[in-house]
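Numbering (the numbering used here), first residue to last: 56 to 479. Only one structure is covered here, and it is reproduced in the block below.
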């Protein structure tokens, strides 16, 4: 992980100015600190503006008029920017970037298509996963008469390692799903190590990654992971809701799947794409290049983008360090006797999230206590999304504090101050 380093005050102010509703909720018309980024990030002003401008156009692709050609250029530019985002821009065989209704929908469709096409053999997934991939794996194992292999995660570390996958994978495993970062514990997995553990036993296994929680907190590098498909949701990464973006390699592109007859059989997109989503994504990419230009002298777009995501990671690590361990001004979570962290008290491998319990207060009640004090957080409870993880951890609920790089150290200090009041 990057060495923790906060943005200086000037850069912090510039960053916060570029997002909608950074410190004020227009619905309740009150100031608020937003620590519910795990449910969806703040929206980049430029992305929302570009989206609205493009969405207002009545024209469509494939027509012989200037507006239609403009929309095609917006889509083409957005797809190129997505190759930057996924880290596939410089691959000799870049695969393709695709979009769908949601990130969950894309994961389901990719898993289903491969399950229907692959030879007989199990599907492997892990208890740490979000239902987007976990339930898709379970359902399509059952629907195609396959064995479902369940990988447990380490409840002490809050993550799963290569050794966990190695203990379950079989030579005939056809599909494996992996979550890059847990939406509950906040810990990232050793993705490259897991891929190696799987391929050492089943070299031809299709490996599909849910990167939805990782995307807002760090760079994506499919050129290094060795996976077959990677999916994220832009609403968690500074852009719009109701869309998912995915990268698939040439092997997945060639898997039989629904496509329009007479069109490219390796194309995965059905119907017209909304150029507004792609216009918004290009603005997000521009933003990270702008941010990166503060930290590199390079004029190369890829260098700027990488520098921006690296600086983001360092700032978030510093926020997490302050939240967990505190400093001379503010006691951190580890200073509270009534606080029990989910997972170890460490920065290494943690991205944007700290979950914990406060003795004597249920997490839903704790959400309301913080809401009274102008801080928005979220309780993970034993529902269809989190119940399987909480059960493995031996707890009924937890409070999730989820931060992004536009959050400030002063907001963390305010949270800790109010926690001290609530804890008594």
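We put the CB at the ideal spot given by N, CA and C, even for glycine.
Between the region 231-242 and the region 169-186, the count of Cβ pairs shorter than 8 Å is three or higher; the stretches touch. Annotation for residue 301: the continuous beta strand (DSSP E) segment containing it runs 299-303. Rounded to whole angstroms, the gap between the alpha carbons of residue 431 and residue 147 is 44 Å. The distance from the Cβ of residue 129 to that of residue 330 is about 4 Å, consistent with a contact at the 8 Å cut-off.
Assignment of residue 198 by DSSP, reduced to helix, strand and coil, places it in the helix class. Within the DSSP secondary-structure output, residue 88 pairs in a beta bridge with 430. Taking a contact to require three or more Cβ pairs closer than 8 Å, the region 362-378 and the region 57-65 qualify as touching. For residue 170, the enclosing alpha helix (DSSP H) has its first and last residue at 158-172. Residue 429 places its beta carbon less than 9 Å from that of residue 85.
In terms of Cα proximity to residue 388, the closest of 94, 472, 233 and 155 is 472. With distances taken between CA atoms, residue 422 lies nearest to 470 out of 327, 379 and 470.
When Cβ pairs closer than 8 Å are counted between the two stretches, the region 111-127 is seen not to touch the region 308-322, the count staying below three.
In this structure, the straight-line span from the alpha carbon of residue 323 to that of residue 221 is close to 31 Å.
Beta-bridge annotation (DSSP): residue 333 is not paired with any residue. Taking a C-beta distance under 9 Å as the contact criterion, residue 199 and residue 288 do not qualify as a contact pair.
Going by DSSP, residue 388 is part of no alpha helix (DSSP H) at all; its letter is neither H nor E. Membership of residue 139 in the alpha helix (DSSP H) is indicated by the continuous run 121-141. Per the coordinates, the alpha-carbon of residue 373 lies some 13 Å from the alpha-carbon of residue 466. Going by beta carbons, residue 478 and residue 413 fall inside the 9 Å limit. When the five nearest sequence neighbours on each side are left out, the beta carbons in the same chain lying within less than 8 Å of the beta carbon of residue 223 are those of 179, 204, 205 and 206, in order along the chain. DSSP, read as helix, strand or coil, puts residue 365 in helix. Apart from sequence neighbours up to five positions away, the residues of its chain that approach residue 338 with a beta-carbon distance below 7 Å are 99, 101, 102 and 105, ordered along the chain. Residue 196 is positioned such that its CB atom lies no closer than 9 Å to that of residue 162. With respect to the C-alpha of residue 238, the residue from 257, 267 and 263 having the closest C-alpha is 267.
Put simply, of 57, 56 and 68 the residue whose alpha carbon is nearest the alpha carbon of residue 463 is 68. Annotation for residue 470: no beta strand (DSSP E) segment contains it, though the alpha helix (DSSP H) segment containing it runs 464-478.
The shortest CA-to-CA distance from residue 234 to any of 154, 227 and 189 is the one to 189.
Straight-line spacing of the CA atoms in residue 134 and residue 357 works out to 15 Å.
Beta bridge pairing from DSSP links residue 412 with 395. In the same chain as residue 187, and ignoring 5 residues on each side of it, the C-beta atoms closer than 6 Å to its own belong to 159, 162 and 265, in chain order. Residue pairing from DSSP leaves residue 106 without any beta-bridge partner. For residue 254, the enclosing alpha helix (DSSP H) begins and ends at 246-256.
Spanning the alpha carbons of residue 175 and residue 201 requires a straight line of approximately 7 Å. Distance from the CA atom of residue 139 to the CA atom of residue 360, rounded to whole angstroms, is 8 Å.
Here residue 108 is exposed. Its C-beta has fewer than 16 other C-beta atoms within 10 Å. For residue 448, the enclosing alpha helix (DSSP H) stretches over residues 442-448.
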